[in-house]
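In terms of full-length UniProt numbering, the sequence shown opens at residue 1 and continues consecutively.
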Amino acid sequence: MSRYIISDHHFGRLQVIEDTDRSFDSITEMNRVLLNRYYRTVGEDDTIIHLGDVATDTRDGSETIAFFNHLDGDMLIRGDHDTSLDAADAPFPVVQSCILEHGERRFYCTHQPETIPPDWDEWAIHGYVCDNPEDFPFIAYDDRRINVSSELLNYRPITLKTLEHILDCCSPGSRFRDITAARATLGKHRLE
């Protein structure tokens with residue numbers, strides 16, 4: 001059993017295709033690819049913590065619930081597009097943030113990086129910033145910050161174990177735009 005994290009799927013949102021570098025021709029294609037990559041990665045005994053923006057659901061939360069149920073997710077950290085979701089109506093935990101522990105590390109998990117407590121001196125994992133990998137890359141070692149927006153992960157959730165391996169291989173000053181850059185630099189065999 002592994003613990004996976006990801007954020008910012010934005011299922012069903014045409015604007016995310018238009019505003020970012022998502023190379024999909026339609027919402028249908030995007031949803032299909034995102035779900036296929038998810039199902040090929042996460043097993044039924046695995047735990048998934050989604051760091052927000054499952055869908056763009058500004059009405060009543062029903063789209064977020066439907067897509068999160070497709071993912072068989074375990075916990076949702078509320079994103080800025082999940083605001084209409086009433087946590088009491090969700091069949092899964094909905095929180096603003098959480099702390100996850102893996103190995104020797106503790107990770108503060110939140111949707112928006114600006115909500116990381118200023119006195120938090122350990123690693124933080126966030127999403128929200130989908131299209132600015134220069135300022136908010138996948139790994140910003142000196143900032144102790146990890147961005148798990150789906151675009152930066154090739155639309156596949158990542159395990160805390162893999163993140164731990166990546167951080168163990170990094171040195172001060174390391175910055176990786178996305179998971180592909182981290183694997184190219186650090187060696188894929190070292191990250192699995």
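Glycine included, each C-beta is placed from N, C-alpha and C at the ideal position.
The model shown is predicted, which means the values in this text are computed figures rather than measured ones.
Using DSSP with H/G/I as helix, E/B as strand and the rest coil, what is residue i?
{"i": "Glu164", "result": "helix"}
{"i": "Ile6", "result": "strand"}
{"i": "Gln15", "result": "helix"}
{"i": "Tyr155", "result": "coil"}
{"i": "Ile179", "result": "helix"}
{"i": "Ala90", "result": "coil"}
{"i": "Ser149", "result": "strand"}
{"i": "His126", "result": "strand"}
{"i": "Thr185", "result": "helix"}
{"i": "Glu101", "result": "strand"}
If distances are taken between C-alpha atoms only, which option among the options comes closest to residue i?
{"i": "Ile6", "options": "Arg37, Glu63, Ile27", "result": "Arg37"}
{"i": "Asp60", "options": "Arg32, Asp74, Thr83", "result": "Thr83"}
{"i": "Cys130", "options": "Asp80, Ser62, Pro117, Leu35", "result": "Asp80"}
{"i": "Asp21", "options": "Arg183, Met1, Pro133", "result": "Pro133"}
{"i": "His165", "options": "Leu152, Ile179, Asn154, Glu29", "result": "Ile179"}
{"i": "Arg78", "options": "Met1, Ala88, Gly52", "result": "Gly52"}
{"i": "Val33", "options": "Leu85, Ala88, His10", "result": "His10"}
Is the beta carbon of residue i less than 7 Å from the beta carbon of residue j?
{"i": "Gly12", "j": "Ile27", "result": "yes"}
{"i": "Leu160", "j": "His102", "result": "yes"}
{"i": "Phe107", "j": "Leu100", "result": "yes"}
{"i": "Ser149", "j": "Asp8", "result": "yes"}
{"i": "Ile49", "j": "Met75", "result": "yes"}
{"i": "Ile146", "j": "Ile125", "result": "yes"}
{"i": "Trp120", "j": "Arg105", "result": "no"}
{"i": "Met1", "j": "Asp72", "result": "no"}
{"i": "Leu85", "j": "Thr64", "result": "yes"}
Let me confirm a value: residue i is counted as buried when at least 16 other C-beta atoms fall within 10 Å, else exposed. Which label applies?
{"i": "Ala55", "result": "buried"}
{"i": "Val94", "result": "buried"}
{"i": "Gln15", "result": "exposed"}
{"i": "Tyr4", "result": "buried"}
For the ligand SAH, is there a heavy atom less than 6 Å away from the beta-carbon of residue i?
{"i": "Tyr128", "result": "For the structure depicted, the ligand SAH is absent and the ligand set is empty, with no information on it obtainable."}
Inter-stretch contact (C-beta, 8 Å, three-pair minimum) for the region 128 to 142 and the region 164 to 177: yes
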